[in-house]
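Accompanying notes for the structure given below.
Number of protein chains: 2
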Amino acid sequence: MRKAVVLLSGGLDSTTCLAMARAQLFEPVCLCVSYGQRHQAEVESARRVAQAMGVADFRLVAVDLRAVGGSALTGDIPVPKGRSEAELGAGVPETYVPARNTLLLALALGLSEVVGARDIFIGVNAVDYSGYPDCRPEFIRAFEALSKLATKSGAEGEGFRIHAPLSGMSKAEILREGVRLGVDYGLTHSCYDPSAQGLACGSCDSCQLRRRGFEQAGVKDPTRYSSEPRS
Amino acid sequence: MRKAVVLLSGGLDSTTCLAMARAQLFEPVCLCVSYGQRHQAEVESARRVAQAMGVADFRLVAVDLRAVGGSALTGDIPVPKGRSEAELGAGVPETYVPARNTLLLALALGLSEVVGARDIFIGVNAVDYSGYPDCRPEFIRAFEALSKLATKSGAEGEGFRIHAPLSGMSKAEILREGVRLGVDYGLTHSCYDPSAQGLACGSCDSCQLRRRGFEQAGVKDPTRYSSEPRS
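Residue numbers (our numbering), protein chains in the order written: chain A, 1 to 231; chain B, 1001 to 1231.
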C-alpha cells in the first residue's frame, strides 16, 4: 500500500476525505494541525476519528496562529451566528484564517517527504466552500505546481499529487458518500464556537452548513446541539 | 511608509535582508518562526537584531516541527561537521528541513494579509544556498503566483510581492552590503549546533559558509567560535 498524508481536522469534510483515501487503498498518515483555533474540540475529534478508522500514524503539529490573528477562529473577532443563506454565500467571512490552507499544505508537504508519501489529501470543498479563497481548485493546482519546486523529492524529479476529492461535491453528496463508506459522523466536530461541554452551537456558518447537509442528504444528524436552529 | 513582512531568523542573511527592506523605505513587521530547531539561539538573536534596528512590530510564531522530523535541524540526525567545499556544494544536506520555506512563506503571507502588507522579504540565497531546493528563484516565483490564489486579498485583485534580494549575491557580497547599511553582525547567529553557552561550533555548513564569507569580504568576523576551524 502506498502512503498518503491526509489532513484531518476532525470535521465532517476531512473525515470523509480520510475514508475516501482509504477506499482508494492508500495507507493514511494523518496530520492534525492545532493552530490556536477556538474550537480545540476539533483536535479531540480528529484523534477519535483516526482511532476509529484504524489509522496507525497520527501526527499532531501545533502552530500558534494567535500571534498572527486576523480571524474569528483565532482572534478576538466574534464568530458570526445565524447568518441567512444569502449571507452565507456572500464574500469571505470573518472565520477565514489568512493563508490557512497554504500553511496546512506546507506542513503536509514536509511530512510527505519525511514518510515517503507522494500523495496528499485535503478535504476542501468548492461548492459549500463558505467563501474561502484557498478552497478553490485553482489554488490546489497552484500548490501542486509549487510542491515540485519546494522540495528535495520534487527537485529530484518526483512531484506530489494534491487530492481534493470533495472539491466538486455538495455537503449532501459528501455525507452520502461517507455513509456509504461507513463513516460514523457522531465522532466528527464542525462547530466553530462549541460550548464548554463541547456541544455544537447550531448557528455558526459551519453548524448551519452541516445541519443543512444532513437534511438534504436524508441522513440522521448525530450532532448534539446546545440550542435549536435560529434560522 | 508601506509595511513589509520580513522573515527574520536572526542569522546573517535574514538580518541583511531586513536592512535592505528598511533601505527601500519599508516599515518592517518582523516574523520569527521557532520551529523546534536545535539552534534556538537564533530566536534570541532575532529579537536582539529587531530591537537594535528599531523594529516596532516583532512576532514570534512557534511551530513544532519535531512531530514531522526528517531533518538534522529538528530531529535526531546529527548535524554534519567539517565538510569539504566539494561536499558543501553537492546535493541536499541533512540540515534540509522538508518544505521549510513553504511553511515560512505561508506564515508570512497570513501575517501580511492581517497587517495590510503587500510585500514579503525572505533572505534566501541561491549562490551559497547549501543545496536547499526551496531557496531557488523558481520556487520564489511559484510562491508569488500561489499567494494571489491563496488569499482573500489576492482573490480581490491585490497580489503579493515576494522579495528575495539576496538571491543572486555571494555571502561576501551580502556581508559587504550589510556593512554598508550599518548591520552589526555581532548580534547575528548562524551556527546549526551551538554550545550550551551559545558559542558557534565553527565547523557545521552554516559556520563554514559564514566564516568564508567574512574572509572573502575582507570584513572582521565578530563571531565567537568554540573551536578553531577544522577545514
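Think of the CB as a built atom: it goes at the ideal place given N, C-alpha and C, for glycine as much as any other residue.
Given G1131(B) as reference, the closest of C201(A), T151(A) and G82(A) once Cα atoms are compared: T151(A)
Positions along the region 50-67 of chain A whose CB lies within less than 8 Å of some CB in chain E: Here chain E cannot be found, since the structure's protein chains are A and B.
Whole-angstrom distance between L181(A) and A23(A), CA atom to CA atom: 8 Å
E27(A), DSSP secondary structure in three states: strand
contact_flag[the region 139-146 of chain A, the region 1161-1174 of chain B] where n(CB pairs < 8 Å) is 3 or more: no
Straight-line Cα distance separating E1173(B) from F121(A): 43 Å
Spatially closest choice to L1209(B) from G1116(B), V1114(B), L1175(B) and V1097(B), by CA coordinates: The candidate whose alpha carbon is nearest that of L1209(B) is L1175(B).
Bridge-paired residues (DSSP) for V61(A): V33(A)
Interface residues of the region 145-164 of chain A facing chain B [CB-CB below 7 Å]: Considering only beta carbons, the part of the region 145-164 of chain A lying closer than 7 Å to chain B consists of A145, L146, L149, A150, T151, K152, G154 and A155, in chain order.
Cβ-Cβ distance between A108(A) and L31(A) below 8 Å: yes
Test item: CB-CB of G1253(B) and E1044(B) under 8 Å: Beyond the ends of chain B as shown, which are 1001 and 1231, falls residue 1253(B); an answer cannot be given.
Beta-bridge pairing of V6(A) - partner residues as DSSP gives them: C30(A) and F121(A)
Nonlocal neighbours in the same chain, by C-beta distance under 6 Å from S1167(B), ignoring five residues either side: A1126 and P1137
Neighbourhood of V1063(B) by C-beta, 8 Å cutoff - its chain only, sequence neighbours within 5 removed: V1033, S1034, Y1035, G1036, L1103 and L1107
Range covered by the alpha helix (DSSP H) that runs through R83(A): Premise fails: R83(A) is in no alpha helix (DSSP H) and is neither H nor E.
Min CB distance D1221(B) to chain A below 8 Å: It does not: the Cβ of D1221(B) has no partner Cβ on chain A nearer than 8 Å.
Test: A99(A) CB closer than 8 Å to a CB of chain B: Residue-level contact by beta carbon holds for A99(A) and chain B, with a gap shorter than 8 Å.
Interface positions of the region 103-120 of chain A facing chain B (Cβ-Cβ less than 9 Å), listed along the chain: Flagged, chain order: L103, L104, L105, A106, L107, A108, L109, G110, L111, S112, E113, V114 and V115.
Helix, strand or coil at S231(A) [DSSP, three-state]: Unreliable placement is indicated for S231(A), whose pLDDT of 46 sits below 50; no coordinate value is reported for it.
Distance, S170(A) Cα to I77(A) Cα: 28 Å
Helix, strand or coil at I1140(B) according to DSSP, with G and I counted as helix: helix
Chain B contact for R47(A) (CB, 8 Å cutoff): no
Where the beta strand (DSSP E) containing I174(A) begins and where it ends: In the DSSP assignment, I174(A) falls outside any beta strand (DSSP E) and within the unbroken alpha helix (DSSP H) covering K171 to R180.
P165(A) to G123(A) span [Cα, whole Å]: One C-alpha to the other measures close to 7 Å.
Closer than 8 Å to chain B by CB, L175(A): no
Alpha-carbon to alpha-carbon, V1006(B) and T1015(B): Approximately 9 Å, taken between the alpha carbons.
Limits of the unbroken beta strand (DSSP E) element including R1233(B): Nothing can be reported for residue 1233(B): it is not among the residues displayed for chain B, which extend from 1001 to 1231.
Minimum Cβ-Cβ distance from F214(A) to chain B less than 8 Å: False, the Cβ-Cβ gap to chain B never drops below 8 Å.
Reference S71(A); option with closest CA among A50(A), C201(A), E94(A) and L146(A): E94(A)
For L1146(B) and L146(A), believed in contact at Cβ under 8 Å, the rounded distance: So it is a contact: roughly 5 Å between Cβ atoms.
Neighbour-count burial assignment, L73(A), 16 or more Cβ in a 10 Å radius: buried
Under 8 Å between C-beta atoms of G1110(B) and P133(A): no
Distance between D1193(B) and S1231(B) (C-alpha atoms, nearest Å): For S1231(B), the predicted model reports a pLDDT of 46, less than 50, meaning its position is unreliable; a value from the coordinates is still stated below. Rounded to whole angstroms, S1231(B) to D1193(B) spans 17 Å at the Cα level.
Rounded separation between R47(A) and F58(A) - CA only: 8 Å
Rounded separation between V183(A) and C207(A) - CA only: 18 Å
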